[in-house]
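Numbering-wise, the sequence shown is residues 14 to 67 according to the working numbering.
All residues carry an ideal CB built from backbone N, CA and C; glycine is no exception.
Okay, so here's the structure we're looking at.
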Amino acid sequence: MQTTEGRHPTVDEAVNIIKKSMLTETRNAQYSEWEETLGKDFVQRVEAIAGGKK
C-alpha cells in the first residue's frame with residue numbers, strides 16, 4: 014500500500030494503517046507486502062509500535 018502521494022508510508026503512517034485495519038488477514042497481508050517492498054526492519058518497527066501480527 015502506498016500513500017496518496019504515491020510514495021511508501023513512513024513508520025508513523027504505517028502504524029496508523031495497521032491500527033485502522035482490524036481484520037487479522039488484512040493486517041498480515043499488509044505486513045507481508047511491506048516486508049517485500051520495504052524490508053523486515055521497517056515491518057519490525059511498525060509491529061513494535063502498532064502491535065504484532067495476530
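Within 10 Å of its beta-carbon, does residue i have 16 or more other beta-carbons around it, so buried, or fewer, so exposed?
i	result
isoleucine 31	buried
Under 7 Å Cβ to Cβ from residue i, same chain only, skipping five residues before and after it: list those, please.
i	result
glutamine 43	Met14, Ile30, Ile31, Ser34
valine 56	Tyr44, Trp47, Glu48
Following the continuous alpha helix (DSSP H) through residue i, name the residue where it begins and the one where it ends.
i	result
arginine 20	First-last for arginine 20: undefined, no H or E at that position.
leucine 36	Counting along the chain, leucine 36 falls outside any alpha helix (DSSP H), and DSSP gives it neither H nor E.
Among residues of its own chain, excluding the 5 on either side of residue i, which ones have a beta-carbon nearer than 8 Å to its beta-carbon?
i	result
valine 10	The requested residue 10 does not occur in the structure, where the chain is confined to residues 14 to 67.
Under a CB-based cut-off of 8 Å, is residue i close to chain D?
i	result
glycine 64	Of the protein chains in the structure, only one exists, and it is not chain D.
Just to confirm my understanding: we take residue i, look at its own chain, exclude 5 residues before and 5 after, and list those with CB closer than 6 Å. What are they?
i	result
isoleucine 62	Val28
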